[in-house]
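Residue numbers (UniProt numbering): 1 to 166.
Read through the structure below, which is laid out as structure tokens, and then see the notes.
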Amino acid sequence: MKNFTSCFKEKKFLRFFFNQLRINQTDRYPEFPFISLCGKERNYVRCDDYPFVFTHVLEKDNVKHLAHNYADGLLTVKFEPEKIFMMPESGRVYHPAPDRVGSIGLVRSKLAIEFSGKFTFDHGENQPPTHFHFEGVTYNLDRNWFFEVFKKNTKIKLCNTFKHTL
Numbered sequence: 001m002k003n004f005t006s007c008f009k010e011k012k013f014l015r016f017f018f019n020q021l022r023i024n025q026t027d028r029y030p031e032f033p034f035i036s037l038c039g040k041e042r043n044y045v046r047c048d049d050y051p052f053v054f055t056h057v058l059e060k061d062n063v064k065h066l067a068h069n070y071a072d073g074l075l076t077v078k079f080e081p082e083k084i085f086m087m088p089e090s091g092r093v094y095h096p097a098p099d100r101v102g103s104i105g106l107v108r109s110k111l112a113i114e115f116s117g118k119f120t121f122d123h124g125e126n127q128p129p130t131h132f133h134f135e136g137v138t139y140n141l142d143r144n145w146f147f148e149v150f151k152k153n154t155k156i157k158l159c160n161t162f163k164h165t166l
């Protein structure tokens, strides 16, 4: 039998749990913006920011991906360097995530620190970065995606710690 802690160390369980994760569209437990449907079980989830946490960059089939939620290569999204978004007020870094979880994922602090040295701030350090340098390429950063997603997903605002800044 597995307890809560040991389940979160098993990568196959993490893949299942996070593949089932969705925005909570039910009328039950509205203080929990996310739900993971595991058979008959309903796991209601609340977080400080976003439930998808990108942990590291990896390569799959010659394409860069971001692994998320500590499941290594079992949970990944295609890395879009031009869509890295850093919130200057908090220093948190974000990247697009699947639509079913609100389209925004948080970049783990360790990876965010690694990315931070690759930013250019054309409008000053109190504003979001304008460029990201990755593997010899300089990307013009698209900041609009973040704000557009945030505006349309009112359910996920409950878990976002910087909602007052937008």
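Even for Gly, the Cβ is constructed at its ideal location relative to N, Cα and C.
Every value quoted in this text rests on a predicted model; they were computed, and no experiment measured them.
Which same chain residues end up closer than 8 Å to residue 100 when comparing Cβ atoms and leaving out the 5 residues on each side of it in sequence?
21, 22 and 23
Simplified DSSP assignment, three categories, for residue 84:
coil
Cβ-Cβ separation, residue 68 to residue 53 (assumed contact under 8 Å), whole Å
6 Å
Find out if the Cβ-Cβ distance for the pair residue 96, residue 104 is shorter than 8 Å.
yes
Coarse secondary structure for residue 43, derived from DSSP in three states:
strand
Once you ignore the five residues that flank residue 74 on each side, which residues in its own chain have a CB closer than 6 Å to its CB?
11 and 15
Looking at C-alpha atoms only, which residue of 132, 48, 90 and 80 is the closest neighbour of residue 33?
48
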